[in-house]
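In the numbering used here, the protein residues as written are 1 to 211. No residue lacks a Cβ here, since even glycine has one placed at the ideal position from N, Cα and C. Owing to the predicted nature of the structure, the values given are computational and were not obtained by experimental measurement.
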């Protein structure tokens with residue numbers, strides 16, 4: 001491991017020892033943060049997978065019903081039925097902090113009466129598959145919006161985990177070993193200088209005696 005290019009002085013030794021203490025403390029805090037991020041990330045991924053399975057199941061069921069309705073009804077009627085939105089959806093976006101990660105909090109506002117009567121249309125040109133398709137598309141809406149929030153949170157947390165992991169590795173495998181190697185080098189150098197100074201003093205003392 002390469003050491004830092006510094007002068008082997010006691011002042012430099014004290015500075016590096018202080019820096020090493022700070023680096024080790026920072027490494028522990030970052031490692032704890034990484035572990036907690038991973039714990040929360042795993043929980044979010046499980047929630048995401050659960051929501052995605054629900055949404056995909058509902059969407060698949062709705063699309064099957066819609067294809068059946070489309071095959072048995074007048075296409076012009078279906079186009080007219082869906083040409084205008086049944087309700088207006090408003091998005092309010094806020095943020096919350098999870099382990100220093102700013103994640104979105106999505107609040108959707110829409111007419112809750114939509115679930116009671118999604119669309120108003122006559123019974124003459126409709127059938128059961130169309131009713132099922134509309135009901136399932138309506139049911140999937142809040143789950144789809146929740147899935148959007150969870151997936152974005154997972155993406156942001158994954159990015160923070162990777163960034164934290166790089167910082168932990170940099171401290172663990174580069175910064176801390178370099179500091180320890182440099183501190184060891186300075187201590188050896190100072191001890192060597194002390195031994196040289198003692199030897200020099202002994203020689204001077206012996207020379208004075210012989211004079």
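Residue i - containing alpha helix (DSSP H), residue span
| i | result |
| --- | --- |
| residue 129 | 128-170 |
Identity of the residues DSSP links to residue i by a beta bridge
| i | result |
| --- | --- |
| residue 38 | The partner list for residue 38 (beta bridge, DSSP) is empty, contrary to what the question assumes. |
| residue 108 | 91 |
| residue 97 | 102 |
Nearest-angstrom Cα separation, counted from residue j out to residue i
| i | j | result |
| --- | --- | --- |
| residue 47 | residue 96 | 18 Å |
| residue 181 | residue 5 | 11 Å |
| residue 160 | residue 171 | 17 Å |
| residue 28 | residue 176 | 12 Å |
| residue 164 | residue 33 | 8 Å |
| residue 31 | residue 102 | 19 Å |
| residue 2 | residue 173 | 11 Å |
| residue 137 | residue 104 | 25 Å |
| residue 35 | residue 53 | 27 Å |
| residue 59 | residue 71 | 18 Å |
| residue 77 | residue 42 | 46 Å |
| residue 23 | residue 169 | 12 Å |
| residue 194 | residue 200 | 10 Å |
| residue 49 | residue 67 | 26 Å |
| residue 14 | residue 21 | 11 Å |
| residue 62 | residue 75 | 17 Å |
8 Å Cβ cutoff met for residue i and residue j
| i | j | result |
| --- | --- | --- |
| residue 106 | residue 93 | yes |
| residue 51 | residue 183 | no |
| residue 141 | residue 69 | no |
| residue 99 | residue 166 | no |
| residue 89 | residue 108 | yes |
| residue 186 | residue 12 | yes |
Other residues of its chain near residue i: CB distance less than 8 Å, five sequence neighbours each side excluded
| i | result |
| --- | --- |
| residue 19 | 179 |
| residue 44 | 150, 153, 154, 157 |
| residue 38 | 161 |
Residues near residue i in its chain [Cβ-Cβ closer than 7 Å; skip 5 each side]
| i | result |
| --- | --- |
| residue 55 | 140, 143, 144, 147 |
| residue 10 | 190 |
| residue 91 | 106, 108 |
Contacts around residue i, its chain only, beta-carbon distance under 6 Å, and the 5 residues preceding and following it disregarded
| i | result |
| --- | --- |
| residue 132 | 65 |
| residue 25 | none |
| residue 8 | 186, 189 |
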